[in-house]
Amino acid sequence: MNLSWLPPFRFLSLFALNLGFVLSVSAQTVLPVETQNNAMVLQVDAKKNLSMIYLGRKLEHSQEYTSIASQYKQSADYTGLLNSAYTPSGSRNLVEPAITVTHADGNNSLDLRYIRSSLKKLDEQVSLLTVVLKDKVYNFEVTLYYKSYFKEDVIEQWCTIRQQEKGNVTLHKFASANLHLRGGSYWLNQYHGDWAKEMQPEESRLTHGIKTLDSKLGTRANLFQPSVFMVSLNKPATEDEGEVLFGGLEWSGNFRTDLEIDNQDNLRIISGINNYASAYTLKPGEELRTPAFLYTLSTQGKGKASRNLQQWARNYKLLDGKGTRLTLLNNWEATYFDFNENKLAGLLKDTKKLGVDLFLLDDGWFGNKYPRNGDVAGLGDWQENKKKLPNGITSLVKEARENGVKFGIWIEPEMVNPKSELYDKHPDWVVKQPERDEYYFRNQLVLDLTNPKVQDFVFGIVDGLFTKNPELAYIKWDCNAVIYNAHSATLKDQSHFYVDYVQGLYKVLQRIRAKYPTVPMMLCSGGGGRIDYGALQYFTEFWPSDNTDPLERIFMQWEYSYFYPAIASSNHVTDWGKQPIKFRTDVAMMGKLGFDIVVSHLPESDLKFCQEAIQQYNAVKSIIWQGDQYRLANPRESVVASMLYLTEDKSTGVIFNYLVNYRYDENSKQPVLLKGLDAAKQYKITEINLYPGTKSTIDGAKQYTGDFLMKIGFNPDVNASRTSVVLKLEEVK
Ligand code: DGJ
């Protein structure tokens with residue numbers, strides 16, 4: 025039976041008050057949201073306060089959820105709000121609020137009480153619990169939504185805020201989610217980064233007070249910090265052990281997550297759009313819908329949590345998550361801005377020769393008055409540069425077809441160089457402060473997507489490309505600048521700017537998807553500056569980083585994989601790093617494979633290797649894209665990194681193994697323990713992706729039980745002369 029939600033139940037409860045022992049009887053409503061393994065339980069008390077009374081492993085008997093709190097002997101709450109399901113401020117609250125308002129009459133207090141709840145079963149696996157809260161004094165309402173995905177143990181939580189007062193109400197804070205967790209200690213794994221240094225993990229024990237993860241960058245919002253994080257309870261979770269919550273906000277702009285250990289030693293997590301410079305005014309009858317905060321809880325370590333999220337993303341969120349993807353040759357690092365029709369004709373032939381599906385033309389194809397021959401000019405002028413491409417994109421698309429490959433193109437439609445016809449014509453479309461000096465990020469400025477005319481323009485860029493070139497098969501959507509001098513020439517309420525920008529972007533993406541529902545699009549932001557599930561519902565894949573050094577990528581892709589499935593990770597073979605082509609290709613195969621190299625410069629045997637590797641990849645890519653991912657050896661803890669992708673029926677897998685420490689005589693001294701296999705099945709393991717002329721040291725004829733491979737393990741024989749080893753695991757029947 026799918027227990028993704030149980031009906032609210034009422035029961036009699038006993039209260040012990042401090043005046044001796046007084047029994048008080050009151051009716052309570054309990055709203056448990058249960059998924060395959062977990063429960064998130066809300067409770068309405070006699071005074072109609074809504075609290076989160078439990079978030080953890082599900083109990084056999086749901087009536088017992090209400091007995092949990094009494095087993096904790098903690099200090100006083102004082103407010104009755106510490107575990108509020110959506111903490112209002114300005115009344116009796118003493119901690120970080122989820123919502124802060126100024127009412128139409130100037131009053132700053134809010135006290136939200138339960139009005140009603142309802143459940144919709146959206147399908148066999150997915151349910152939506154809706155809880156309406158209202159202030160007693162003011163005509164102000166918040167509706168909380170909890171969308172639960174039974175099989176994946178995932179919950180998406182968001183709310184709508186609505187007012188019917190006599191004038192405007194200002195929201196100073198408007199979080200998406202407010203969680204409450206009980207544990208002896210809490211360990212936060214967060215991420216920081218910069219260009220070419222995305223997804224650097226950092227783990228620390230949370231102390232009393234508030235730890236904030238946030239972004240104020242507007243666009244390219246994840247450049248210094250993404251919103252995804254992990255919190256382990258009681259001790260840091262390992263790959264396969266421990267209780268850990270993974271969370272993240274589905275929002276491509278400023279976010280803020282506060283993790284507060286309160287005076288009762290419990291952890292409150294409040295996450296939503298960053299309220300920094302973003303007071304939001306609601307007119308009577310208006311509604312604000314917050315983005316969803318997404319979380320999953322695992323009691324079997326990080327590995328399980330990551331598989332939950334990956335499955336959820338493929339099943340429900342990532343565009344075409346269950347579909348297929350195109351391998352490609354990109355020209356960015358092969359040519360940078362220096363190309364013309366002749367050069368591209370050669371690259372189109374190389375695309376075919378290499379054996380990938382598509383050629384992707386990167387930055388530099390546009391701009392005439394201000395040609396895009398570098399990153400200082402031309403951005404915004406989306407007409408083919410007549411000198412470089414006298415016959416336009418149309419002829420390139422045709423030529424690609426004649427070569428038997430598809431054609432894709434790079435755009436950065438949200439941005440403008442001051443040296444551009446667009447800027448000359450529409451200075452009022454640019455985000456800048458009217459009276460202040462312009463300040464640039466990569467010599468460019470951001471277009472004002474809060475302005476519907478700019479939204480039309482950005483939609484028009486994509487629509488125009490497809491209208492002129494219906495065979496266009498792929499878009500790489502870049503976004504290289506952050507927002508400085510946040511100001512719109514047309515927006516009435518400037519403090520809506522950051523929120524309305526992202527909503528403007530989503531409006532454009534929705535229009536694009538309504539007209540072009542399936543065309544693959546890569547989400548890129550000067551590397552991985554904008555990767556989140558708010559955007560990924562419109563994109564088929566993302567660009568993790570401009571850093572394609574394969575050694576670095578082993579670490580980076582490892583961290584991304586906790587939150588995002590391999591099918592979404594665009595990994596390109598480039599000339600970054602010192603590793604041989606095999607190592608570079610093997611690492612890129614752990615996701616969606618692409619190349620960004622000068623094919624004609626490859627030595628003959630390297631080219632042969634690449635051609636064969638692409639064929640091997642085509643044979644195993646569905647396992648990598650749709651399989652379950654098991655992290656076997658952590659590069660941060662071992663000299664060997666090892667990752668397994670395994671089909672759901674546990675019959676076939678691919679294992680990638682690398683030497684990540686090049687000190688003298690380092691090698692895979694011990695076998696690598698496999699995971700997730702069927703103990704009773706017989707398997708054979710063969711090496712694939714061999715460099716031409718080399719022989720494998722692996723005996724592919726030998727058979728092992730799943731039991732053996734999971735208890736004793738398998739040695740991939742990684743060493744200084746075999747720094748990268750790809751193995752195929754197959755059931756023998
Ligand atoms: C930044 C991207 O991350 C690169 O891959 C490339 O497309 C450049 N922009 C082009 O300007």
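Counted from 1, the sequence shown has number 231 at position 207 by the working numbering; the numbering is strictly sequential.
Glycine included, C-beta positions come from ideal geometry on N, C-alpha and C.
Contact belief for residue i with residue j at Cβ below 8 Å, rounded distance in angstroms
| i | j | result |
| --- | --- | --- |
| F680 | S666 | 7 Å |
| V611 | P574 | 4 Å |
| F361 | G398 | 6 Å |
| T418 | D381 | Not confirmed; about 20 Å, so no contact. |
| L496 | F566 | Actually they are not in contact, since the Cβ atoms of L496 and F566 sit about 20 Å apart, beyond 8 Å. |
| F279 | N298 | 6 Å |
| A513 | D452 | 4 Å |
| L353 | L371 | 7 Å |
| K606 | S748 | 6 Å |
Where the alpha helix (DSSP H) containing residue i begins and where it ends
| i | result |
| --- | --- |
| Y557 | 557 to 560 |
| G325 | 325 to 336 |
| C634 | 628 to 650 |
| F8 | Because the chain is modelled from 25 through 757, residue 8 falls outside the range shown and cannot be assessed. |
| M613 | Counting along the chain, M613 falls outside any alpha helix (DSSP H), and DSSP gives it neither H nor E. |
| E189 | Here E189 belongs to no alpha helix (DSSP H), and DSSP marks it neither H nor E. |
| A358 | 356 to 359 |
Near ligand 1: residue i beta-carbon under 7 Å from a heavy atom
| i | result |
| --- | --- |
| D689 | no |
| D399 | yes |
| N595 | no |
| C634 | no |
| W356 | yes |
| G550 | yes |
| D502 | yes |
| W406 | no |
| D448 | no |
| W182 | no |
| D218 | no |
| D386 | yes |
| D570 | yes |
| W567 | yes |
| W434 | yes |
Range of the contiguous beta strand (DSSP E) that encloses residue i
| i | result |
| --- | --- |
| I77 | 74 to 81 |
| K752 | 748 to 756 |
| A245 | Here A245 belongs to no beta strand (DSSP E), and DSSP marks it neither H nor E. |
| G370 | From DSSP, G370 is part of no beta strand (DSSP E) but of the alpha helix (DSSP H) over 365 to 378. |
| R116 | Per DSSP, R116 belongs to no beta strand (DSSP E) and is neither H nor E. |
| K158 | 150 to 159 |
| I285 | 279 to 285 |
| R537 | R537 -> not in any beta strand (DSSP E); alpha helix (DSSP H) instead, spanning 521 to 539. |
| E311 | 311 to 313 |
| G552 | Taken as a continuous stretch (DSSP letters only), G552 belongs to no beta strand (DSSP E), as it is neither H nor E. |
| G296 | 291 to 297 |
| A63 | 62 to 68 |
| F732 | Careful: F732 lies outside any beta strand (DSSP E), inside the alpha helix (DSSP H) at 730 to 735. |
| L168 | 164 to 173 |
| N595 | 594 to 597 |
| R140 | 136 to 145 |
| S322 | 317 to 322 |
CB contact below 8 Å: residue i versus chain B
| i | result |
| --- | --- |
| G432 | Considering every chain present, this structure includes no chain B. It has just one protein chain. |
Exercise. Can you list, in chain order, the stretches of the alpha helix (DSSP H) that have 4 or more residues and sit fully within the region 395 to 480?
Worked result: 416 to 426, 445 to 449
Exercise. Whole beta strand (DSSP E) runs in the region 480 to 514 with 3 or more residues, listed along the chain?
Worked result: 498 to 501
Problem set entry | Length at least 3, wholly inside the region 649 to 723: the beta strand (DSSP E) runs in chain order | 652 to 657, 664 to 670, 676 to 683, 706 to 712
Problem set entry | Complete beta strand (DSSP E) runs within the region 210 to 266 (minimum length 3 residues, chain order) | 210 to 216, 224 to 229, 233 to 238, 253 to 257
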